[in-house]
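Q:
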Amino acid sequence: MEKEKKEAGVWLALIPVIFLVSALFITIVILGQSAHIPLILAAAVAAAVASRLGYAWKEIQEGMVQGINLAMGAILILMVVGTLIGTWISGGIVPAMIFYGLKALSPGIFLGATMVICSVVSLGTGSSWSTAGTVGVALIGVGQGLGIPVSMVAGAIISGAYFGDKMSPLSDTTNLAPAVAGTDLFSHIRHMVYTVVPAYVIALALYGFLGMRFSGRVMESQNIEIIMSTMKEHFFIHPVLLLPPLLVIAMVILKVPPLPALLGGTLLGGVFALVAQSRSLGDVLTAAHAGHVSETGVAMVDELLTRGGLLSMMETVALIICALSFGGIMERAGMLQVLAGSLLRFVKSTGALVTTTVFSCIGMNIIAADQYIAIVVPGRMFKSAFDAKGLHPKNLSRVLENSGTMTSPLIPWNSCGAFMGATLGVNPLVYLPYAFLNLLVPAISIFYGYTGITMEKLPAEDLGENA
Numbered sequence: 009m010e011k012e013k014k015e016a017g018v019w020l021a022l023i024p025v026i027f028l029v030s031a032l033f034i035t036i037v038i039l040g041q042s043a044h045i046p047l048i049l050a051a052a053v054a055a056a057v058a059s060r061l062g063y064a065w066k067e068i069q070e071g072m073v074q075g076i077n078l079a080m081g082a083i084l085i086l087m088v089v090g091t092l093i094g095t096w097i098s099g100g101i102v103p104a105m106i107f108y109g110l111k112a113l114s115p116g117i118f119l120g121a122t123m124v125i126c127s128v129v130s131l132g133t134g135s136s137w138s139t140a141g142t143v144g145v146a147l148i149g150v151g152q153g154l155g156i157p158v159s160m161v162a163g164a165i166i167s168g169a170y171f172g173d174k175m176s177p178l179s180d181t182t183n184l185a186p187a188v189a190g191t192d193l194f195s196h197i198r199h200m201v202y203t204v205v206p207a208y209v210i211a212l213a214l215y216g217f218l219g220m221r222f223s224g225r226v227m228e229s230q231n232i233e234i235i236m237s238t239m240k241e242h243f244f245i246h247p248v249l250l251l252p253p254l255l256v257i258a259m260v261i262l263k264v265p266p267l268p269a270l271l272g273g274t275l276l277g278g279v280f281a282l283v284a285q286s287r288s289l290g291d292v293l294t295a296a297h298a299g300h301v302s303e304t305g306v307a308m309v310d311e312l313l314t315r316g317g318l319l320s321m322m323e324t325v326a327l328i329i330c331a332l333s334f335g336g337i338m339e340r341a342g343m344l345q346v347l348a349g350s351l352l353r354f355v356k357s358t359g360a361l362v363t364t365t366v367f368s369c370i371g372m373n374i375i376a377a378d379q380y381i382a383i384v385v386p387g388r389m390f391k392s393a394f395d396a397k398g399l400h401p402k403n404l405s406r407v408l409e410n411s412g413t414m415t416s417p418l419i420p421w422n423s424c425g426a427f428m429g430a431t432l433g434v435n436p437l438v439y440l441p442y443a444f445l446n447l448l449v450p451a452i453s454i455f456y457g458y459t460g461i462t463m464e465k466l467p468a469e470d471l472g473e474n475a
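Residue numbers (our numbering): 9 to 475.
As structure tokens, this is what we get:
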């Protein structure tokens with residue numbers, strides 16, 4: 009006989025959330041560990057609350073599986089992305105992108121060039137952490153040699169690094185946000201252009217204005233020269249190596265499905281590794297599976313280029329599964345709906361809905377200290393509200409990344425902020441006023457919400473299905 013199910017009250021629904029926030033804070037901030045185990049324990053607490061509400065274990069498990077299933081497309085893409093990164097580094101594609109990006113440096117436009125260089129590197133690698141930890145560190149040194157305030161340099165690095173983290177199909181958060189919202193990767197990326205392009209132009213103008221006072225100074229670029237000469241020594245560098253990323257961008261524009269597009273990019277990387285870099289087939293397969301291992305002897309270069317491979321994505325895949333297991337239980341037991349309802353009680357307009365979602369993501373970044381949670385939890389909470397207003401899911405995925413991803417490095421105790429602060433040697437609160445792209449994108453997102461600009465509606469036939 010099926011037990012009668014009760015509706016969770018707000019305080020009961022908050023129990024798993026409070027436990028999650030507390031466990032994540034202790035584990036990440038105090039103990040310096042990963043978020044996986046707190047998420048599993050929080051899922052167990054959510055399951056206990058769901059059981060108290062009358063849900064059988066079979067129903068709870070179905071909720072977990074359904075939650076995980078939401079991200080299966082993203083998980084498959086992440087696995088392919090891991091192989092792509094490995095073959096792109098082995099094939100000299102990523103080194104070529106970094107090499108030509110560094111050549112753009114000019115003393116008079118240092119801050120703007122810093123943002124552009126970090127954008128190129130992060131777009132090619134899909135990793136803000138690798139970008140900041142290698143090229144970013146080098147650029148901090150160059151800026152100090154020029155007498156440019158380290159807060160400005162760090163802000164430009166963060167803006168550029170998170171441009172790629174937000175826009176690159178190789179980034180895990182760029183794959184996670186559309187999976188949570190219920191749209192596809194390339195629709196998500198195309199829709200983010202509307203907020204990123206104006207923010208990027210404004211940020212470049214602001215960096216240009218700030219950098220005018222430093223024009224004419226002599227650039228001390230020893231670290232940059234070391235990176236470029238090492239790339240040239242250990243890789244065949246030629247503009248033809250930029251062809252694979254250009255083809256992937258073209259496929260994004262032409263709406264080719266992500267899996268075949270990225271797999272095609274992986275195969276191209278393998279071909280370039282065999283032909284241009286004279287790798288063996290075994291080297292290429294190793295790079296695709298376990299990642300490329302750089303052995304140039306130059307620490308900055310080796311740190312940047314030792315990455316990729318299928319195995320490199322497994323920790324992120326596990327984190328996504330743990331997070332969505334928690335979200336699946338919360339949703340199946342109606343707890344997310346209760347929490348969303350309490351937040352949405354006074355939300356009447358699309359602008360208010362977008363604003364509430366933005367600040368919920370920022371709040372999760374502050375209290376949960378993890379950008380994945382800041383995407384997954386608000387995404388599941390507000391999906392039905394976006395559906396009810398007839399908004400295309402890509403609007404939600406864009407808001408999630410505009411706020412969840414972009415604000416994570418601005419909070420000192422967030423895992424992203426802690427990494428950036430330690431790596432660049434600058435407290436996030438110090439560079440926060442100069443991380444222009446990260447500040448502008450959420451603001452533009454809210455502006456679009458209130459004005460209706462680019463807030464695309466679902467087609468009539470799809471609207472009927474979601475009603």
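Where is the CB? At the ideal position from N, CA and C, for every residue including glycine. Please read all numbers here as calculations on a predicted model, not as lab measurements.
Assuming LEU379 is part of the alpha helix (DSSP H), what are its boundary residues?
A: Within the sequence shown, residue 379 is the residue found at index 371, counting from 1. The sequence as given places Gln at residue 379; Leu does not occur at that position. 379 to 396 is the extent of the alpha helix (DSSP H) around GLN379.
Q: TRP19 and PHE427: beta carbons closer than 8 Å?
A: In the sequence shown, the residue the question calls residue 19 occupies position 11. In the sequence shown, the residue the question calls residue 427 occupies position 419. No; because the gap between Cβ atoms is not below 8 Å, this pair is not in contact.
Q: Is LEU39 helix, strand or coil by DSSP?
A: Here residue 39 refers to the residue found at position 31 of the sequence shown. It is coil, neither helix nor strand.
Q: Apart from the five residues on each side of it in sequence, which residues of its chain come closer than 7 Å, Cβ to Cβ, to SER416?
A: For the purposes of this step, residue 416 is taken as residue 408 along the sequence shown, with counting starting at 1. Counting only Cβ-Cβ distances below 7 Å, and skipping sequence neighbours, we find ASN373, GLN379, ALA382, ASN422, CYS424 and GLY425.
Q: So does the segment 148 to 161 actually touch the segment 301 to 317, counting three or more Cβ pairs closer than 8 Å?
A: No, because fewer than three Cβ pairs between the segment 148 to 161 and the segment 301 to 317 fall closer than 8 Å, the two stretches do not touch.
Q: Please work out which residues of its chain come closer than 6 Å, Cβ to Cβ, to LYS402, disregarding the five sequence neighbours upstream and downstream, and give them in chain order.
A: The residue you call residue 402 lines up with position 394 of the sequence shown. These residues qualify, in order along the chain: THR191, SER195, HIS196 and HIS199.
Q: In whole angstroms, what is the alpha-carbon distance linking LEU262 and ALA269?
A: On the sequence shown, residue 262 is found 254 positions in, with the first residue counted as 1. On the sequence shown, residue 269 is found 261 positions in, with the first residue counted as 1. Whole-angstrom Cα-Cα distance: 10 Å.
Q: Three or more C-beta pairs closer than 8 Å, one from the segment 96 to 105 and one from the segment 246 to 255: is that the case here?
A: Touching, yes, given that three or more Cβ pairs across the two stretches are closer than 8 Å.
Q: Straight-line CA distance for GLN69 to ALA79?
A: Here residue 69 refers to the residue found at position 61 when the sequence shown is read from its first residue. Here residue 79 refers to the residue found at position 71 when the sequence shown is read from its first residue. Cα to Cα, GLN69 sits roughly 16 Å from ALA79.
Q: Could you please give the first and the last residue of the uninterrupted alpha helix (DSSP H) stretch that includes ALA451?
A: By 1-based counting over the sequence shown, the position of residue 451 is 443. Start and end: 444 to 459.
Q: So what's HIS44 in DSSP terms, helix, strand or just coil?
A: By one-based count along the sequence shown, residue 44 stands at place 36. In the structure shown, HIS44 sits in a helix (DSSP, three-state: H, G or I).
Q: Just list the residues that DSSP pairs LYS13 with in beta bridges.
A: Taking the sequence shown and counting its residues from 1, one reaches residue 13 at position 5. In the DSSP output, where bridge partners are listed per residue, LYS13 has none listed.
Q: Would DSSP call ARG353 helix, strand or coil?
A: Working through the sequence shown from its first residue, we reach residue 353 at position 345. DSSP places ARG353 in coil when its eight states are reduced to three.
Q: Can you give me the Cβ contacts of ALA46 inside the same chain, cut-off strictly under 7 Å, excluding the 5 residues immediately before and after it?
A: The residue you call residue 46 lines up with position 38 of the sequence shown. Checking the sequence, you will find Pro at residue 46 rather than Ala. Excluding positions up to five away in sequence, the list reads LEU28, ALA31, LEU32 and THR35.
Q: Kindly examine the ligand GDP and report whether one of its heavy atoms sits closer than 7 Å to the Cβ of GLY99.
A: With respect to the ligand GDP, the structure shown offers nothing to examine, as it has no ligands at all.
Q: Counting pairs of beta carbons, one from the segment 427 to 438 and one from the segment 387 to 399, are three or more of them closer than 8 Å?
A: Too few Cβ pairs lie closer than 8 Å, so no.
Q: Could you name each continuous alpha helix (DSSP H) segment of 4 residues or more that falls completely within the segment 117 to 172, going from the start of the chain to the end?
A: The segment 117 to 172 contains these whole alpha helix (DSSP H) runs: 118 to 133, 136 to 139 and 145 to 154.
Q: Does the Cβ of ILE328 have 16 or more other Cβ atoms within 10 Å, making it buried, or fewer, making it exposed?
A: One-based indexing of the sequence shown puts residue 328 at position 320. Flag for ILE328 reads buried.
Q: With a CB to CB cut of under 6 Å and the five nearest residues on each side skipped, what residues in its chain are close to ALA376?
A: Numbered from 1 along the sequence shown, position 368 holds the residue referred to as residue 376. Cβ within range, chain order: VAL29 and LEU32.
Q: Is LEU22 helix, strand or coil when you go by DSSP?
A: Here residue 22 is taken as the residue at index 14 of the sequence shown, counted from 1. Three-state result, LEU22: helix.
Q: Enumerate in chain order the residues of its own chain whose CB-to-CB distance from GLY116 is below 6 Å, with the five nearest sequence positions on each side excluded.
A: Taking the first residue of the sequence shown as position 1, residue 116 is located at position 108. Result list for GLY116: SER223, in chain order.
Q: Kindly indicate the opening and closing residues of the alpha helix (DSSP H) around LYS402.
A: Sequence index remark: in the sequence shown, residue 402 carries index 394 (1-based). That run of the alpha helix (DSSP H) goes 401 to 408.
Q: Let me make sure I understand the geometry here. Which of ALA451, PHE390 and PHE334 has the alpha-carbon closest to that of ILE23?
A: Taking the first residue of the sequence shown as 1, we reach residue 23 at position 15. It is PHE334 whose Cα lies nearest to the Cα of ILE23.
Q: Is the beta carbon of TYR170 sitting closer than 8 Å to the one on ASN446?
A: In the sequence shown, residue 170 corresponds to position 162, counting from 1. In the sequence shown, residue 446 corresponds to position 438, counting from 1. Contact flag set, yes.
Q: Roughly how many angstroms separate the alpha carbons of ASP310 and VAL143, rounded to a whole number?
A: Translated into positions along the sequence shown, residue 310 becomes position 302. Translated into positions along the sequence shown, residue 143 becomes position 135. ASP310 and VAL143: Cα-Cα distance of roughly 12 Å.
Q: Is it the case that the Cβ atoms of ILE454 and THR363 are separated by a distance below 8 Å?
A: The count along the sequence shown starts at 1 and reaches residue 454 at position 446. The count along the sequence shown starts at 1 and reaches residue 363 at position 355. Closer than 8 Å, so yes.
Q: Could you pull out every residue in the same chain whose Cβ sits closer than 7 Å to the Cβ of LEU408, ignoring the five residues on either side in sequence?
A: The sequence position of residue 408 within the sequence shown is 400, counting from 1. ALA185, VAL188, ALA189, CYS369, ILE383, PRO386 and GLY387, listed in sequence order.
Q: When DSSP labels each residue in this structure, what does LYS66 get in the three-state scheme?
A: Along the sequence shown, read from residue 1 onward, the residue named residue 66 stands at position 58. It is helical.
Q: For LEU267, which residues from the same chain have a beta carbon less than 7 Å from its beta carbon, with the 5 sequence-adjacent residues on both sides left out?
A: Mapped onto the sequence shown, residue 267 falls at position 259. If we look at LEU267 and ignore the five residues flanking it on each side, its Cβ neighbours are LEU84, ILE85 and VAL88.
Q: Enumerate in chain order the residues of its own chain whose CB-to-CB distance from GLU241 is below 8 Å, with the five nearest sequence positions on each side excluded.
A: Locating residue 241 in the sequence shown gives position 233, where the first residue counts as 1. Excluding residues within five positions, the ones whose Cβ falls inside 8 Å are THR304.
Q: For VAL161, which of TYR442, VAL449, GLY457 and LEU448 has the nearest alpha-carbon?
A: Locating residue 161 in the sequence shown gives position 153, counting from the first residue. Comparing Cα-Cα distances from VAL161 to each of TYR442, VAL449, GLY457 and LEU448, the minimum goes to TYR442.
Q: Hey, how far is the Cα of TYR215 from the Cα of THR133?
A: Along the sequence shown, one-based indexing puts residue 215 at 207. Along the sequence shown, one-based indexing puts residue 133 at 125. Between TYR215 and THR133, the C-alpha separation is close to 24 Å.
Q: Suppose contacts are defined by Cβ-Cβ distances below 8 Å. Is GLY290 in contact with THR95 by that definition?
A: As a first step, residue 290 must be located in the sequence shown, where it is residue number 282. As a first step, residue 95 must be located in the sequence shown, where it is residue number 87. Going by C-beta atoms, GLY290 is not nearer than 8 Å to THR95.
Q: Would you say SER130 and GLY71 are within 8 Å of each other, going by their C-beta atoms?
A: Locating residue 130 in the sequence shown gives position 122, counting from the first residue. Locating residue 71 in the sequence shown gives position 63, counting from the first residue. Their beta carbons are not under 8 Å apart, which means SER130 does not touch GLY71 by this criterion.
Q: Reducing DSSP to helix, strand and coil, say where HIS196 ends up.
A: Position 188 of the sequence shown, counted from the first residue, corresponds to residue 196. HIS196: helix per DSSP, three-state reduction.
Q: Compare the beta carbon distance of ALA296 and LEU319 with 8 Å and say whether it is the shorter of the two.
A: Counting from 1 along the sequence shown, the entry for residue 296 is found at position 288. Counting from 1 along the sequence shown, the entry for residue 319 is found at position 311. Cβ atoms of ALA296 and LEU319: not closer than 8 Å.
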